[in-house]
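Down below is the structure, laid out as structure tokens.
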Amino acid sequence: MPHCCSTLLCHILKGKTTATGCCVVHTFSTMQFSQQQQHKAVDNQAHGYYYCMYKSADNKTEGDPNSASIYTMPSPVFNIKVSNVSTDKVSLTWENKDAAAFEYSYRVLIENKTSPTGSVTVSAREAVIAGLNPGTFYNFTIFPLAADNKTEGDPNSVSICTSQVKSERVVSMNKALPAKERKSTDYVRIEEQ
Numbered sequence: 037m038p039h040c041c042s043t044l045l046c047h048i049l050k051g052k053t054t055a056t057g058c059c060v061v062h063t064f065s066t067m068q069f070s071q072q073q074q075h076k077a078v079d080n081q082a083h084g085y086y087y088c089m090y091k092s093a094d095n096k097t098e099g100d101p102n103s104a105s106i107y108t109m110p111s112p113v114f115n116i117k118v119s120n121v122s123t124d125k126v127s128l129t130w131e132n133k134d135a136a137a138f139e140y141s142y143r144v145l146i147e148n149k150t151s152p153t154g155s156v157t158v159s160a161r162e163a164v165i166a167g168l169n170p171g172t173f174y175n176f177t178i179f180p181l182a183a184d185n186k187t188e189g190d191p192n193s194v195s196i197c198t199s200q201v202k203s204e205r206v207v208s209m210n211k212a213l214p215a216k217e218r219k220s221t222d223y224v225r226i227e228e229q
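Remember, the working numbering sits 36 above the position in the sequence shown when you count from 1.
Here it is as structure tokens:
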């Protein structure tokens with residue numbers, strides 16, 4: 037189904053009845069269609085909003101109207117930024133300007149070539165992804181989810197490599213007491229020169 041268009045819904049609602057109206061409740065607007073029409077486009081809907089459509093033969097809700105509802109697809113996120121990259125975690129932030137974005141959650145798909153794919157779902161426009169491997173290339177794909185947690189918008193991605201573990205060379209070591217002569221307060225000191 038394309039963004040912001042519920043052509044399919046009015047087609048389902050019409051069925052084999054003699055319906056002449058389809059009301060989009062979110063915008064409180066009514067549209068007419070004839071018995072011969074097989075479908076009616078409902079255009080210019082806002083991204084990520086809940087729409088409930090019902091039909092009645094005379095534009096009234098008396099009787100048993102048939103209805104269907106749908107969330108429109110959220111817009112893709114944009115301006116994805118990666119910060120605080122360490123050996124095992126990264127911080128991600130992004131933007132979404134949809135009017136309904138305050139109701140969204142976001143699924144972050146985590147992919148690399150050496151580990152199974154995982155995902156986390158967050159309710160804010162930011163995520164800290166932990167448990168990563170050092171020096172590994174990751175792809176993070178962010179999907180916006182409407183308030184029903186089912187209707188998913190198109191994704192956007194960012195790729196990053198986690199920091200590598202620093203290897204340090206030990207150049208000299210001071211001699212310590214043999215293990216059996218050590219007390220619990222003794223320790224070994226390693227110095228780099």
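The beta carbon of each residue, even a glycine, is placed where N, CA and C say it ideally should be.
Evaluate the contact criterion for the stretch 109-119 versus the stretch 147-156: three or more CB pairs, one atom per stretch, below 8 Å. Judged by Cβ distances under 8 Å, the stretch 109-119 makes no contact with the stretch 147-156, as fewer than three pairs qualify.
Residues of its chain near residue 62, where Cβ-Cβ distance is below 6 Å and the 5 sequence neighbours each way are ignored: Confidence is the limiting factor: at residue 62 the pLDDT is only 49, short of 50, which leaves the residue's position unreliable, though a coordinate-based value still follows. Around residue 62: 85 and 87.
Could you compute how far the alpha carbon of residue 146 sits from the alpha carbon of residue 175? 6 Å
Going by the beta-carbon positions, is the gap between residue 178 and residue 169 smaller than 8 Å? Residue 178 is not a Cβ neighbour of residue 169, given a cutoff of 8 Å.
Within 10 angstroms of its Cβ, does residue 136 collect 16 or more other Cβ (buried), or is it exposed? buried
Residue 163 by DSSP, collapsed to three states: which one? The answer is strand: DSSP assigns residue 163 an E or B state.
Residue 183 by DSSP, collapsed to three states: which one? For residue 183, the secondary structure class from DSSP, reduced to helix, strand or coil, is coil.
Test item: CB-CB of residue 167 and residue 124 under 8 Å: yes
Which of the three DSSP states, helix, strand or coil, is assigned to residue 136? coil
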